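Visitor: Residue numbers (the working numbering): 234 to 539. Beta carbons: idealized from backbone N, C-alpha and C, even for Gly. No experiment lies behind these values; they were computed from the predicted model shown. This structure is in structure tokens; I'll ask about it shortly.
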Ligand SMILES: [Zn+2]
């Protein structure tokens with residue numbers, strides 16, 4: 234099971250999170266390195282190698298406008314501590330090899346090694362959490378970061394705030410040789426994917442899968458099996474990938490959320506994967522967990538009973 238998750242982009246965080254060290258980390262260690270995040274972009278150094286470079290040393294980080302004293306400690310690798318920090322998009326000619334690149338493009342195009350992509354994603358989730366939680370949700374007073382950036386404390390009412398992760402189910406409903414694919418109204422033309430939705434309070438993963446499939450596609454599903462998961466740093470979701478066995482197949486599409494949905498045979502999906510679909514339909518790239526769900530279906534992996 235874990236091997237499936239490791240195929241998903243952002244899922245190969247390999248540094249030691251070293252949580253006991255967090256209260257002592259300042260960002261001032263000589264061997265500290267930083268991933269720099271600007272909104273949904275990361276500041277990447279273009280190198281002559283296959284992969285670009287996301288880790289910057291302390292001097293470079295400061296030159297690029299990052300504040301090491303305001304960084305989140307992500308963990309240690311063999312070289313030393315790694316942090317995530319916000320930085321502005323570089324302007325002018327001062328840094329010709331540094332580019333601010335959208336993180337989805339970084340993943341889709343494989344611009345970074347898997348472990349650097351996971352660091353950038355984690356840095357992005359945490360820096361955006363800090364940006365959006367400057368005030369106490371309990372009493373409204375300003376909060377201050379602590380624990381190496383893994384907590385924010387309210388000095389006024391003493392509440393401690395922790396970074397949150399929002400669980401999302403993403404699921405492929407399967408009916409024998411067919412899988413249910415859908416496209417949202419905001420998808421790029423021709424793109425079909427698995428359905429997804431946030432888990433609600435009081436719900437199990439399985440219940441959320443069955444509810445979303447009924448609400449969005451009108452089908453009833455029985456058995457639900459976990460497939461793999463993917464941290465998704467936009468801003469801080471955990472995509473929980475599942476397969477669901479369809480009990481009913483007649484579609485009743487929620488047109489508020491879904492532009493189109495249909496059952497696709499393996500033969501049809503094969504042409505979409507090869508970009509040879511006559512109608513120009515396609516599925517998400519391998520960096521997306523939806524692609525991995527579909528790939529498992531195509532490989533006929535023993536995920537659901539016949
Ligand atoms: Zn407070």
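Which same chain residues, not among the five before or five after residue 264, have their C-beta less than 8 angstroms away from its C-beta?
Guide: 312, 313, 314
Visitor: Just to confirm my understanding: we take residue 442, look at its own chain, exclude 5 residues before and 5 after, and list those with CB closer than 8 angstroms. What are they?
Guide: 402, 404, 454, 457, 475, 477
Visitor: Could you pull the DSSP bridge partners for residue 408 from this structure?
Guide: 411
Visitor: I'd like the span of the alpha helix (DSSP H) that includes residue 353, first residue to last.
Guide: 347-365
Visitor: Look at the alpha carbon of residue 357 and the alpha carbon of residue 487, and state the distance between them as a whole number of angstroms.
Guide: 32 angstroms
Visitor: What residue range is occupied by the uninterrupted beta strand (DSSP E) comprising residue 458?
Guide: 454-465
Visitor: Which residues does DSSP list as the beta-bridge partners of residue 286?
Guide: Per DSSP, 278.
Visitor: Applying the criterion that 16 or more other CB atoms from any shown protein chain within 10 Å of the CB defines a buried residue, is residue 234 buried or exposed?
Guide: Note that residue 234 has pLDDT 48, beneath the 50 cutoff, so the model's placement of it is unreliable and the number below is only indicative. Label assigned to residue 234: exposed.
Visitor: Are the beta-carbon atoms of residue 445 and residue 423 separated by less than 8 angstroms?
Guide: no
Visitor: Is DSSP giving residue 470 helix, strand or coil here?
Guide: Three-state result, residue 470: strand.
Visitor: Report whether the distance from the Cβ of residue 379 to the nearest heavy atom of ligand 1 is below 7 angstroms.
Guide: No, since every heavy atom of ligand 1 falls outside the 7 angstroms radius drawn around the Cβ of residue 379.
Visitor: Of all residues in the structure, which have a C-beta closer than 6 angstroms to any heavy atom of ligand 1, taken in chain order?
Guide: My final list is 369, 371, 372, 374, 387, 389, 390, 392.
Visitor: Within 10 angstroms of the Cβ of residue 449, are there 16 or more other Cβ atoms? Answer buried if so, exposed if not.
Guide: Counting every other CB atom within 10 Å of its CB across the protein chains shown gives residue 449 a total of 16 or more, marking it as buried.
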